[in-house]
Amino acid sequence: METRSAAQTEAAGAALAAEISPGDLVIVSGEVGAGKTTLIRGAARALGVVEPVTSPTFTIGRRYAGGRLPISHLDLYRLEDMEGEDPALLDDYLGPDGVAFVEWPAAGAERLGRPALEVRLAHAGEERRTIEVVD
Amino acid sequence: MARLILAIETSCDDTCAAVLDGGRILANVISSQAAAHAGFGGVVPEVAARHHLELAAPVVEAALGEAGVTLDEVEAVAVTAGPGLIGALLVGVSTAKAIAAARRLPLIPVDHLQGHVAANFLEPEPLEPPFLCLVASGGHTLLAAVRDHSGHEILGQTLDDAAGEAFDKSARLLGLGYPGGPLIQKEAEKGDPEAFEMPVAMQRDPGLDFSFSGLKTALVYRCRELGPEGVEERRADLAASFQKAVVDQLVAKLKRGLKQGRWEAVALGGGVAANGPLREAVARVCEREGVRLKLVPISLCTDNAAMIGSAARWSETVAYPDYLGFDAFATGERMAA
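Residue numbers (the working numbering), protein chains in the order written: chain A, 3 to 137; chain B, 13 to 349.
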């Protein structure tokens, strides 16, 4: 699938939300600026989150409680790996009742478990993006 | 209102402790962890949490020692309760609770963002509300109406990335390292801010919200077009053009905020407020508009505990032992929620 604007990428995220169940882990991959947070914003909006959905890069994780189910948005870019880390580090952000969207999941791969969905975004020139969903 | 306050802040990179006597800073200790993180291109949370754990007690002791104050004299303990990474916040909250509980002192949980606002209430020359406050840091970018000492109203905020995050990510794209703000500013001094056209995001947007994500993407494309050698050659121009676009947007929204209200004073806060060109641009706007500008020292712009102690003076105090079950809250969940 190809989108032509950030608004369309957000709409693609909203469509994705229909396939999400409580406890799901959704991996969102793609380069810097590929639209990961934009897509997750669309999904969060569709799940009832009204507050701004912004990048979690600086603090690694954000949680949104206002929607139909608890939503976590993680960005593990800055985590080198989980070796020697507190294994419970990510537990504050994961749970059976909510959905967790994870960008740059590599560092936490073992701890995160198997994703329900994986979304791959790629630059296709200026505003355009390709989106691939893998079950 | 407690006079002698011990304040602790551990929401991100730095382990901070301060002692305040009213609005006067007796000690403001910041154990900067930036060096420890340089190899990782950013904040490593468990490294951060572990460092906080190792540094909390010595930093508190250093603050008390510098202030010449003993715990017997402290009247309340203030601590950043959020927003931030839960693991990092918990170190500060647990430390503050332990110190307070041992002395049966009240605990004052503080919103980190209100801390940035409250840095302006500190001596010397405290700024009295009302004023318009621009807070721009690695995790937050917002324009706030400050009408009294006890809180702020968010007039606009970033819809995607924070300004400081945009600096960090762009510095990484340009191969400049971490933290991005000072490195981009230094590189930009050698470059031409008009060399590359950057999107002027939100310029036509009538509101006061910010957006820095498109700017980051624009830089990704410029770097791709130029290739590694081209980026090497034009690094200073890229840095200067990017920095100008960030500053222009922050200043444009501040100007719009000034027009929408009858503000007589402006204040800056957050790590990005340390950026020289931003300070200069805001100073020019304030001079033109005939508005007073309050610039706290850079050490009070970046994360510190003195600002937390300052906010605590007007925040709700929790008496012993009511705070023993009190927990930290994370980014995305404001204290009011």
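Backbone N, C-alpha and C fix where the C-beta goes; we use that ideal spot for every residue, glycine too.
Note that the structure is predicted; figures quoted are calculated from it, not measured.
Our two residues, B/L65 and A/A126, have alpha carbons roughly 45 angstroms apart in a direct line. Not one beta carbon of chain A lies nearer than 7 angstroms to the beta carbon of B/K265. Taking all protein chains shown into account, B/A110 has fewer than 16 neighbouring C-beta atoms within 10 Å of its C-beta and is therefore exposed.
A Cβ-Cβ separation of about 6 angstroms places B/L262 in contact with B/A175 under the 8 angstroms criterion.
7 angstroms or more divides the Cβ of B/S149 from the Cβ of B/A207. Assigned with DSSP and collapsed to three states, B/C313 falls in helix. B/R15 places its beta carbon 7 angstroms or farther from that of B/D26. Annotation for A/L49: no beta strand (DSSP E) segment contains it, and DSSP assigns it neither H nor E.
For A/H125, the beta-bridge partners assigned by DSSP are A/R131. Interface flag for A/S31 against chain B is unset, since no Cβ pair is found closer than 7 angstroms. At a beta-carbon threshold of 8 angstroms, the residues of chain A lying near B/A174 are T56, S57 and F60, ordered along the chain.
B/I20 is outside the set of residues whose beta carbon lies under 7 angstroms from a beta carbon in chain A. Under the Cβ distance rule, B/T229 counts among the residues neighbouring chain A, one pair being separated by less than 7 angstroms. The residues M210 and P211, in chain order, have a CB closer than 6 angstroms to that of B/A230 in the same chain once the five nearest residues on each side in sequence are set aside. Ranked by Cα distance from B/L134, the first of B/Y332, B/E276 and B/A39 is B/A39. Among the residues facing chain B, A/G97 is not included, as its CB has no counterpart in that chain under 7 angstroms away. With a threshold of 7 angstroms between beta carbons, B/T170 makes contact with chain A. Interface annotation, B/L97: in contact with chain A, CB-CB separation under 7 angstroms.
Identification of residues in the region 36-51 of chain A having a C-beta nearer than 9 angstroms to some C-beta of chain B yields A36, G37, T39, T40 and R43, given in sequence order. For A/G15, there are no neighbours in chain B by C-beta distance under 7 angstroms, as the nearest C-beta there is about 13 angstroms away.
Think of a sphere of 8 angstroms around the beta carbon of B/E177: the chain A residues whose beta carbon falls inside it are S57, T59 and F60, in chain order. The three-state secondary structure of B/H128, taken from DSSP, is helix. Nearest to A/E4 by C-alpha distance, out of A/V135, A/D137 and A/R130, is A/R130. Listed in chain order, the alpha helix (DSSP H) runs fully inside the region 144-186 of chain B are 175-185, counting runs of at least 4 residues. The way I'd put it, the region 65-85 of chain B doesn't touch the region 109-120 of chain A; fewer than three beta-carbon pairs between them come closer than 8 angstroms.
Here DSSP, grouped into helix, strand and coil, assigns B/C298 to helix. Between the region 86-93 of chain B and the region 274-293 of chain B there are fewer than three C-beta pairs closer than 8 angstroms, too few to call the two in contact.
Of all residues in the region 268-291 of chain B, none comes within less than 7 angstroms of chain A when Cβ atoms are compared. Below the 8 angstroms Cβ cutoff, chain A contributes V34 as neighbours of B/L185, in chain order. Under the three-state reduction of DSSP output, A/F60 falls in the coil class, being neither helix nor strand. Residue environment: B/S311 is assigned as exposed (fewer than 16 neighbouring CB atoms within 10 Å of its CB, all protein chains considered).
Secondary structure of B/L38 (DSSP, three-state): strand. Here B/G77 is exposed. Its C-beta has fewer than 16 other C-beta atoms within 10 Å. Close to B/V232, with beta-carbon spacing below 8 angstroms, are these residues of chain A in chain order: E33, V34, G35 and H125. Close partners of B/K181 in chain A (Cβ separation under 7 angstroms): V34. Taking a C-beta distance under 7 angstroms as the contact criterion, B/L155 and B/G168 qualify as a contact pair.
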